[in-house]
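Enquirer:
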Amino acid sequence: MRRLAALAVLVAAPLSLVAGLWFGSVHLDADEWFRTLAGGGADASREIVWSLRAPRTAAAFACGALLALAGALLQVLLRNPLADPSILGVSGGASVGALTALLLGLPLWVVQASAFAGACAAAGVLLALAVRLSGWNIHRVLLTGVAIGAGCGAIVSMLLSLAAAGQVQGMLFWLLGDLSGATRPAAPWIALALVMAAAQPLALRLDALTLGPLKARSLGVAVGATQGVAFLAATVATVAAVLVAGPIGFVGLVVPHALRLAGFSDHGRLLPLTALGGGALVAGADTIARSIAAPLEFPVGAVTALVGVPVLLVLLARTR
Amino acid sequence: MLAAANLKLAVPGRVLFEGLDLALPPGESWALLGPNGAGKTSLLHALGGLRLPDGGAVTLDGAPLAALGRRAVAQRVGVLLQDETESFWGSTLEYAMLGGLAHATGLLGPGAGAEAAARAALAELDLGERAAQPYRTLSGGERQRARLAQLVVQSPQWWLLDEPLAHLDLGHQLAVMELFARLARDGRTVIMALHEPLWAARYCGHALLLYDSGRIRHGPAQEVLTQGHLEALYGCRLAPAAASTAPLFVPIR
């Protein structure tokens with residue numbers, strides 16, 4: 000089971016990237032596609048593969064990896080299997096920002112800037128309260144995140160009810176996760192590198208934290224510092240992913256749990272596999288979302304859940 | 000030397016005890032006895048740096064524990080907790096290997112040496128055949144021994160044990176007490192919270208009694224573990240019973 004799962008993730012990751020370049024609303028025949036990959040091909044093909052599909056697939060992969068990593072980290076921090084990046088309230092803040100801009104009919108870059116401002120405001124409130132709280136209590140911090148998220152959800156509902164019929168679809172797309180605006184994959188990849196660099200050295204300490212903070216301390220873990228770094232990494236990961244892709248749900252829940260159910264409990268291996276699995280899931284789901292009913296496009300968040308739910312259910316049914 | 004000076008511990012609304020001076024030199028084995036709620040667990044946590052004293056200090060070679068890094072403390076002081084959350088997903092072997100965390104040097108995890116140490120520790124605790132089994136599927140007594148195996152991997156100088164015999168059958172109670180006796184002979188220091196004075200009398204050279212009133216009595220086991228002291232400690236009458244190796248008291252009405 001362990002080997003099979005690892006193999007599946009290691010194959011799915013590059014496969015999702017190749018599929019992202021291969022499939023799309025415009026069909027390229029195999030010869031033309033290979034010529035384009037090799038650097039030749041018609042101008043139109045090069046434009047489609049390298050300027051449209053490549054950046055979008057790369058961005059999708061990085062966002063999936065970030066969301067899955069954030070989920071894995073939050074599940075250890077909270078020692079709650081239901082923890083997921085949306086619990087930080089950051090997605091809620093970004094949604095309020097984005098939907099406000101959409102409601103006012105502002106251009107795309109303003110929507111993105113507004114989402115960023117919303118995410119930063121939510122994260123800022125969260126971190127400010129975290130620092131203010133005497134004796135850093137991770138559970139109180141995260142409950143604060145849940146409260147911020149709930150508040151943002153209420154504002155989102157009000158914005159949706161204020162919107163004209165024509166605007167609602169664009170808003171719903173944003174809320175369900177939308178990668179059509181993802182033309183610059185560098186930012187999420189830089190965020191991914193930073194988050195991995197911060198989280199991977201913590202792997203053993205995160206293993207110990209699953210035994211509870213007191214036990215982790217007795218084993219030699221500086222619990223507060225470890226929780227702080229992991230919490231910050233999860234926040235950065237969530238903000239970066241939400242700004243590019245919108246709040247894609249379920250990745251942070253399904254990928255780490257699927258790997259845990261397959262037998263990966265040590266974070267030394269769980270974290271990199273989670274990143275690869277999350278990347279493959281969202282990159283694959285985005286390719287399906289934009290090509291299966293082209294030129295119609297489905298929200299990537301919906302496809303992600305439709306692919307992820309059966310995988311998780313099968314694993315749950317098979318594991319003791 | 001792990002030592003407490005003028006130590007005071009309190010829980011909300013109640014002072015457990017104050018003015019405790021205690022030194023735990025190498026090679027000594029201590030029993031910690033007292034009624035429920037007298038502060039045995041709190042004392043062990045304070046000695047392990049898991050909680051701050053409400054007065055006085057706990058020092059390791061003269062330095063307050065709070066001033067030392069967690070890693071430095073864990074290399075020398077190990078704690079067996081009474082309660083532990085059971086959300087660990089890994090195998091029993093992986094659980095035991097976490098004991099090596101304080102000594103781990105690499106970024107990628109404990110090396111092959113740590114795995115060999117964990118296998119040896121599991122074998123020592125009679126869990127060799129459970130190595131690959133998920134930790135959460137172990138029985139209560141097996142988990143207790145897995146925690147002790149983790150502590151063997153951690154290999155501290157000071158062993159602070161909160162009810163080490165909990166959940167263990169008679170045979171394994173004897174086996175782990177023998178393990179602690181070996182540790183003390185090898186120059187380690189063991190202090191264990193126990194509820195059975197018989198084990199204390201047979202295996203511990205020293206005893207510390209924590210009374211409900213906050214009173215403390217400690218010294219050589221044979222001077223401390225007398226019928227009178229134990230009756231006062233537990234608030235019930237005791238009668239001596241015949242036993243081959245150590246005085247045995249049974250509660251009577």
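Which chain is which? The protein sequence lines are A and B, in order.
Per numbering that gives the first Met the number 0, the very first residue in the first sequence carries number 0; after that it's consecutive.
Per numbering that gives the first Met the number 0, the very first residue in the second sequence carries number 0; after that it's consecutive.
C-beta atoms are modelled at their ideal positions from N, C-alpha and C, and glycine is treated no differently.
Here the structure is a predicted model, which is why all the values come from computation and not from measurement.
#1: Hey, quick one: how far does the alpha helix (DSSP H) through T58 of chain B stretch, first residue to last?
#2: Note down, in chain order, each residue of its chain lying with its Cβ closer than 7 Å to the Cβ of Q143 of chain B, except the 5 sequence neighbours on either side.
#3: For L158 of chain A, which residues of its own chain have a beta-carbon under 6 Å away from its beta-carbon, when the five flanking residues on both sides are left out?
#4: Rank A:A240, A:V167, A:H256, A:A53 by C-alpha distance to the C-alpha of V308 of chain A and give the top, closest one.
#5: With a cut-off of 8 Å, does the C-beta of R1 of chain A fall near any C-beta of chain B?
#6: Using 8 Å as the threshold, is the C-beta distance between W29 of chain B and C235 of chain B below it?
#7: Quick one: what does DSSP say P298 of chain A is sitting in, helix, strand or coil?
#8: Which residues of the stretch 81-93 of chain B have a Cβ closer than 7 Å to any Cβ of chain A? Give them in chain order.
#9: Which chain B residues sit within Cβ distance under 9 Å of R78 of chain A?
#10: What residues of chain A sit near Q153 of chain B, judged by a beta carbon separation below 9 Å?
#11: How many whole angstroms separate the CB atoms of V310 of chain A and V238 of chain A, which I take to be in contact at a CB cut-off of 8 Å?
#12: Could you check whether the stretch 137-146 of chain A touches the stretch 14-23 of chain A, counting it as contact only if at least three pairs of C-beta atoms, one from each stretch, sit closer than 8 Å?
#13: Between the stretch 70-80 of chain A and the stretch 228-244 of chain A, do at least 3 Cβ pairs fall closer than 8 Å?
#14: Are P52 of chain B and L232 of chain B touching if we call contact CB-CB under 8 Å?
#15: Please identify, using Cβ separations under 8 Å, the residues of the stretch 195-212 of chain A that lie next to chain B, in order along the chain.
#16: Quick one: using the 10 Å Cβ neighbour count with 16 as the cut-off for buried, is A12 of chain A buried or exposed?
#17: Using a Cβ-Cβ cut-off of 8 Å, state whether D83 of chain A counts as contacting chain B.
#18: Any chance the stretch 59-66 of chain A sits against the stretch 272-282 of chain A, with 3 or more Cβ pairs inside 8 Å?
#19: Helix, strand or coil: which one does DSSP assign to T286 of chain A?
#20: Nearest chain A C-beta to V78 of chain B closer than 8 Å, yes or no?
#21: To be precise: take each residue of the stretch 5-22 of chain A, compare its Cβ to all Cβ atoms of chain B, and keep it if any distance is under 9 Å. Which residues remain?
#22: How close, in whole Å, do the beta carbons of R55 of chain A and L178 of chain A come, if the pair is a contact with beta carbons under 8 Å?
#23: Given a threshold of 16 other Cβ atoms within 10 Å of its Cβ, counted over all protein chains shown, does Q221 of chain B qualify as buried or as exposed?
#24: Return the residues of the stretch 256-268 of chain A that lie within a Cβ-Cβ distance of less than 7 Å from chain B, sorted by chain order.
#25: Does any CB atom of chain A fall closer than 8 Å to the CB of G112 of chain B?
#26: Drop a sphere of 10 angstroms on the beta-carbon of S212 of chain B, count the other beta-carbons inside from all chains shown, and report buried for 16 or more, exposed for fewer.
#27: The beta strand (DSSP E) that contains D206 of chain A, what's its start and end?
#28: Would you tell me roughly how many angstroms separate the C-alpha atoms of L208 of chain A and R75 of chain B, rounded to the nearest one?
#29: Are the CB atoms of A95 of chain B and K148 of chain B within a distance shorter than 8 Å?
#30: Give a yes or no on contact between the stretch 124-136 of chain B and the stretch 4-22 of chain B, applying the rule of three or more CB pairs nearer than 8 Å.
#31: In angstroms with no decimal places, state the Cα-to-Cα distance between G189 of chain A and S156 of chain A.
#32: Enumerate, from N- to C-terminal direction, the unbroken alpha helix (DSSP H) stretches of 4 or more residues contained entirely within the stretch 99-177 of chain A.
#33: Since G219 of chain A is in the alpha helix (DSSP H), which residue starts that stretch and which ends it?
#34: Between the Cα of P24 of chain B and those of B:L1, B:G38, B:R13, spot the shortest distance and give me the residue it belongs to.
#35: Suppose the cutoff is 8 Å on Cβ atoms and the five residues either side in sequence are ignored; what does the same chain contact list for V8 of chain A look like?
Expert: Checking against the coordinates, here is how it stands:
#1: First-last for T58 of chain B: 54-59, but that is the beta strand (DSSP E), not the alpha helix (DSSP H).
#2: A165, H166, L167
#3: L98, L102
#4: A:H256
#5: no
#6: no
#7: coil
#8: E83, T84, S86, F87, W88, G89, E93
#9: T84, S86
#10: S217, L218, G219
#11: V310 of chain A to V238 of chain A, Cβ: 27 Å. No contact.
#12: no
#13: yes
#14: no
#15: Q199, P200, A202, L203, R204, D206, A207, T209, L210, G211
#16: buried
#17: no
#18: yes
#19: helix
#20: yes
#21: none
#22: 6 Å
#23: exposed
#24: R259, S264, D265, G267
#25: no
#26: exposed
#27: It is not in any beta strand (DSSP E) - D206 of chain A instead sits in the alpha helix (DSSP H) that spans 202-208.
#28: 20 Å
#29: First, the amino acid is wrong: residue 148 of chain B is Ala here, not Lys. Contact flag set, yes.
#30: no
#31: Reading the sequence as shown, one finds Ile at residue 189 of chain A and not Gly. Rounded to the nearest angstrom, the two C-alpha atoms are 33 Å apart.
#32: 107-131, 137-161, 164-175
#33: No alpha helix (DSSP H) contains G219 of chain A, which DSSP labels as neither H nor E.
#34: B:L1
#35: L258, L272, L275, G276, A279
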